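So the structure is just underneath, and the comments pick up after that.
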Amino acid sequence: MNSLVSKIVIQLLIIIIVSFIVVLIKKVMIKRGKTMYGFYDLWPIFTLYFGALNFNWSLFPYVIIGWMGIGILLVLIEIIHNREVLFKQFFFLFWRITVVYTTIAYLLSIFWLIMG
């Protein structure tokens, strides 16, 4: 149980540290007149990896299948609603939904790890 708690704490610390570094970089870039995205935009990379580790890679394919399903659904909605797919609009919305989806998947993987 002790190694389980330390594993989760280390994962969360890595996510917090990376978010803090992104915030610092963003402040420097704003002073130079360049804009950047939010601190949470790198979370999917880490939450997917840590979620896969927590699931022992067994349920990870299902997370990816769900993620691909979200992408396909968004493309279909864009086609039906706008009659075209504009990459910039699609990717921005897809990445915002990805942040939420992968964060939920990561939290479920922590629950899976604790229960299991």
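Number 80 in numbering that gives the first Met the number 0 belongs to position 81 of the sequence shown; there are no gaps in the numbering. Beta carbons are placed, not taken as given, at the ideal position from N, Cα and C, and that holds for glycine. This structure is a prediction, so every number in the text was calculated from the model and none was measured.
Quiz item: Taking C-beta to C-beta, are N55 and S108 nearer than 7 angstroms?
Solution: Here residue 55 refers to the residue found at position 56 when the sequence shown is read from its first residue. Here residue 108 refers to the residue found at position 109 when the sequence shown is read from its first residue. The Cβ atoms of N55 and S108 do not sit closer than 7 angstroms to each other.
Quiz item: Is V84 near V74, with beta carbons less than 7 angstroms apart?
Solution: Mapped onto the sequence shown, residue 84 falls at position 85. Mapped onto the sequence shown, residue 74 falls at position 75. Judged by beta-carbon spacing, V74 lies within the 7 angstroms limit of V84, meaning their Cβ atoms are closer than that value.
Practice problem: Could you give the DSSP three-state label for R31: helix, strand or coil? | Solution: Numbered from its first residue, the sequence shown carries residue 31 at position 32. In the structure shown, R31 sits in coil (DSSP, three-state: anything other than H, G, I, E or B).
Quiz item: Beta-carbon separation of G65 and Y105 under 7 angstroms?
Solution: By one-based count along the sequence shown, residue 65 stands at place 66. By one-based count along the sequence shown, residue 105 stands at place 106. For G65 and Y105, no; Cβs fall outside 7 angstroms.
Quiz prompt | Rounded separation between F70 and K25 - CA only | solution = Numbered from its first residue, the sequence shown carries residue 70 at position 71. Numbered from its first residue, the sequence shown carries residue 25 at position 26. Note that residue 70 corresponds to Gly in the displayed sequence, not to Phe. The straight-line gap from Cα to Cα measures roughly 28 angstroms.
Quiz item: Buried or exposed: which applies to P43, given that a residue is buried once 16 or more other Cβ atoms fall within 10 Å of its Cβ?
Solution: Looking up residue 43 in the sequence shown gives position 44. The residue is buried, with at least 16 neighbouring Cβ atoms inside 10 Å.
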